[in-house]
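Read the structure below first, then the notes.
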Amino acid sequence: MKILLMFIMGFSYVYAAKVVDVGKRFKSSSSCKVCHKRIVDEWSQSWHAKSHFANDEYFKKSLEYVSRKSRKSLNALKVQCATCHNPRISVTSTDESYEIAAVMGLNKDDVVDKAVNDDTISEGINCVVCHNIDKIHDEYDASKRGINRVEWTESGTMTGPFKDVRSPYHKTKHHDFMDKEPNKLCFVCHANDKSLKGVVFTNMEKEYKKKGSPSCVECHMGKKRWDVAATYQFNGKAKKRNVRHHGFAGAHVASMWKDALKLKLATKSKNLIIAIYNPQPHNLPSGFGAREIIVNVAYMNGSKILKEDNISLTRHYTRKRNRVTIPHLAIKQTKDTSIPAKGKKVLKVKKVDGAKKVKVTLYYRLVNDDVRNLLKLKDEIWSKKYFITSKTFQL
Ligand code: HEC
Ligand code: HEC
Ligand code: HEC
Ligand code: HEC
Ligand code: HEC
Numbered sequence: 380m381k382i383l384l385m386f387i388m389g390f391s392y393v394y395a396a397k398v399v400d401v402g403k404r405f406k407s408s409s410s411c412k413v414c415h416k417r418i419v420d421e422w423s424q425s426w427h428a429k430s431h432f433a434n435d436e437y438f439k440k441s442l443e444y445v446s447r448k449s450r451k452s453l454n455a456l457k458v459q460c461a462t463c464h465n466p467r468i469s470v471t472s473t474d475e476s477y478e479i480a481a482v483m484g485l486n487k488d489d490v491v492d493k494a495v496n497d498d499t500i501s502e503g504i505n506c507v508v509c510h511n512i513d514k515i516h517d518e519y520d521a522s523k524r525g526i527n528r529v530e531w532t533e534s535g536t537m538t539g540p541f542k543d544v545r546s547p548y549h550k551t552k553h554h555d556f557m558d559k560e561p562n563k564l565c566f567v568c569h570a571n572d573k574s575l576k577g578v579v580f581t582n583m584e585k586e587y588k589k590k591g592s593p594s595c596v597e598c599h600m601g602k603k604r605w606d607v608a609a610t611y612q613f614n615g616k617a618k619k620r621n622v623r624h625h626g627f628a629g630a631h632v633a634s635m636w637k638d639a640l641k642l643k644l645a646t647k648s649k650n651l652i653i654a655i656y657n658p659q660p661h662n663l664p665s666g667f668g669a670r671e672i673i674v675n676v677a678y679m680n681g682s683k684i685l686k687e688d689n690i691s692l693t694r695h696y697t698r699k700r701n702r703v704t705i706p707h708l709a710i711k712q713t714k715d716t717s718i719p720a721k722g723k724k725v726l727k728v729k730k731v732d733g734a735k736k737v738k739v740t741l742y743y744r745l746v747n748d749d750v751r752n753l754l755k756l757k758d759e760i761w762s763k764k765y766f767i768t769s770k771t772f773q774l
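If you want my numbering, it's the position in the sequence shown, counting the first as 1, plus 379.
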């Protein structure tokens, strides 16, 4: 009976949206190392290399939390989140009958179970995610992202920025989104991230100020530099070209935060005016919801601190009956407190009597108190305060 049920359901609950299998020779970044060692090493330090649930505590605990609260099976959610976090997954959606099978315990070792645990996706966003994209469907509805917005090349064809390349290991193909319009590639996933209830908590594509701005890769892959793309030698020489760093340094990298925002202080009658400027072409914090900017205001007399305030710029998320929740379960979110792209945010606070000067310091935190406590995140990176900038002002 179990077998029969599995057989019937097996066909109904899995339908693949144009999956192209990744050949054995290309699955793992370690097979690129012989010729692209520098790039593989850089990438392996990036958070793209940690986008699989096994490698990111915040992601893993979010998945488990959403599963508990929404009563959706963990595997179904893994498939759903894989849309952007693990887009080379071989099953792209599950339906109601899968949930029934999961509740009955009929899903062990089935095709979905195998897909979410397959080694093809264990490296997260690896080389064959970005370099096997053959087409980006910008004409699709904005809600279709990741796996649902792209078409893949045949396995073994690497798309890249160069037109005049040859490789003994793989075919190559040029695309403008690797070269002239790289933002398109980033927006496949860095846009329109939303909760199960459809609340969009981040949309970098919408907030991005295109005019006169450098592209994403200029800042997050660094300036082009003269080096080899591959160490493989034709006629005894490896060709030098303009290449970029594959570290994708972002919110988890302390040095990136230093001076990412600017401060200007002034007084107006009894108030201190704190203006925070964001020179970047996207909002900060941006990206993922529940990120936080902390404005620390210390009123001083000499070296003595008279009073210290911490103002939190973050978003709060609620589900049914106004209960606090995480972004992925939000029915409602509080208003956007981020500093707008190429814009400013002005805060007004009351001065403290007797204070001779004030020191304002900006910090960034990956996860705000609400969400960190709900998920019981353990690693210290989630609570650590990254220094941004600081200014002192005589009152
Ligand atoms: C998040 C997407 C992404 C991932 C993941 C990624 N790349 Fe790239 N790669 C790019 C982009 C974009 C460029 C073009 C950079 C430029 O020249 O402006 C590029 C360029 C390259 C180039 C040409 C040389 C250069 O630096 O421009 C090679 C070779 C390459 N990548 C190999 C790899 C390998 C090997 C991996 C896996 C370890 C990898 N890439 C992972 C996006 C990615
Ligand atoms: C045996 C050596 C070798 C191996 C292994 C290898 N490549 Fe390459 N690859 C090359 C050479 C050579 C080039 C051309 C470099 C040049 O002309 O500057 C190249 C170019 C590329 C480019 C740029 C293509 C373009 O059109 O701009 C990408 C992307 C790339 N490789 C990705 C990969 C990935 C991903 C892997 C692992 C799955 C891999 N390569 C494995 C030798 C290799
Ligand atoms: C296939 C989907 C996908 C594509 C394409 C993609 N990213 Fe990402 N990116 C992600 C995901 C998912 C994460 C978060 C991984 C994690 O933290 O576990 C991420 C993380 C990052 C981070 C680190 C952010 C942080 O919080 O530290 C940066 C920076 C970044 N991406 C930049 C880029 C740029 C630039 C491009 C375009 C060249 C790009 N990404 C293309 C999905 C993608
Ligand atoms: C002028 C440089 C610049 C450009 C261009 C740029 N960024 Fe950023 N980005 C930053 C800085 C600075 C930060 C804050 C420090 C950090 O997180 O790296 C940041 C933060 C981020 C973060 C983490 C935000 C958070 O709060 O979690 C992501 C993701 C990101 N950028 C992706 C992108 C994407 C995608 C693009 C292209 C649409 C892009 N960036 C264009 C400079 C830039
Ligand atoms: C539309 C594409 C997309 C989908 C679908 C998606 N994510 Fe993400 N996710 C991203 C991107 C892009 C980032 C990186 C943003 C940043 O760091 O600013 C990210 C980052 C995260 C982070 C922060 C990780 C860190 O290290 O700080 C968590 C947690 C997360 N996602 C959970 C989930 C869960 C749970 C699901 C499924 C319910 C999911 N995501 C589905 C695109 C997506």
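Beta carbons: idealized from backbone N, C-alpha and C, even for Gly.
In this structure, residue 540 has its CB closer than 6 Å to one or more heavy atoms of ligand 1. Judged by beta-carbon spacing, residue 767 lies beyond the 7 Å limit of residue 726, meaning their Cβ atoms are not closer than that value.
Contact annotation, residue 610 with residue 774: C-beta distance approximately 59 Å; criterion of less than 8 Å not satisfied. Counting along the chain, the unbroken beta strand (DSSP E) around residue 743 starts and ends at 736-744. Taken from the Cβ of residue 409, every heavy atom of ligand 2 lies 6 Å or farther away.
With the criterion CB distance below 6 Å from any heavy atom of ligand 3, the matching residues run 426, 427, 429, 430, 435, 438, 463, 464, 466, 504, 508, 509, 525, 561, 564, 565, 567, 568, 569, 595, 596, 599, 627, 629, 630, 631, 666 along the chain. Between residue 408 and residue 505, the C-beta spacing is below 7 Å. Following the DSSP letters along the chain, one finds residue 438 inside the alpha helix (DSSP H) bounded by residues 436-449. With a 10 Å radius around the Cβ and a threshold of 16 neighbouring Cβ atoms, residue 519 comes out exposed.
When the Cα atoms are used, residue 550 and residue 633 turn out to be separated by approximately 38 Å. Inclusion of residue 557 and residue 538 in the CB contact set at 7 Å is warranted, their separation being smaller than that value. Spatial neighbours of residue 482 in its own chain (CB-CB distance under 8 Å, excluding positions within 5 residues in sequence) are listed in chain order as 452. For residue 482, the distance from the CB to the nearest heavy atom of ligand 1 is not below 6 Å. By the C-beta criterion, the stretch 438-449 is judged not to be in contact with the stretch 474-481, since fewer than 3 inter-stretch pairs fall below 8 Å.
Classified as buried, residue 751 has 16 or more neighbouring CB atoms from the shown chains inside 10 Å of its CB. In the three-state reduction of the DSSP assignment, residue 525 falls in the helix class, which pools H, G and I. The nearest non-hydrogen atom of ligand 5 is less than 6 Å from the C-beta of residue 572. The straight-line gap separating the alpha-carbon atoms of residue 642 and residue 690 is approximately 15 Å.
For residue 645, the enclosing beta strand (DSSP E) begins and ends at 641-647.
Listed in chain order, the non-local C-beta contacts of residue 758 below 8 Å within the same chain comprise 436, local neighbours out to five positions each way being set aside. Note on residue 547: under 16 other CB atoms within 10 angstroms of its CB, so exposed under the neighbour-count rule. Scanning the stretch 462-533 for uninterrupted beta strand (DSSP E) segments of 3 residues or longer gives 512-515, 529-531, listed from N- to C-terminal end. In the structure shown, the three-state DSSP call for residue 424 is coil. Residue environment for residue 707: buried (at least 16 other C-beta atoms within 10 angstroms of its C-beta).
Look at residue 556 here: in three-state DSSP terms it is helix. Taking 8 Å as the upper bound for CB-CB distance, residue 668 and residue 694 are in contact here, some 6 Å apart. Here residue 749 is buried. Its C-beta has 16 or more other C-beta atoms within 10 Å.
Residue 421 counts as buried, since at least 16 other C-beta atoms from the protein chains shown sit within 10 angstroms of its C-beta. In this model, residue 467 and residue 672 are separated by some 34 Å (Cα to Cα). Residue 617 is positioned such that its CB atom lies no closer than 7 Å to that of residue 661.
Counting along the chain, residue 749 sits inside the alpha helix (DSSP H) bounded by residues 748-754. Approximately 19 Å separates the beta-carbon atoms of residue 729 and residue 771; this is outside 8 Å, ruling out the contact. Taking non-hydrogen atoms of ligand 4 into account, the C-beta of residue 636 is found less than 6 Å away from one of them. For residue 704, DSSP records a beta bridge to 696.
Inclusion of residue 563 and residue 512 in the CB contact set at 7 Å is not warranted, their separation being larger than that value. Leaving aside the five residues that flank residue 654 on each side, the residues in its chain whose CB is nearer than 6 Å to its CB run, in chain order, 643, 723, 725.
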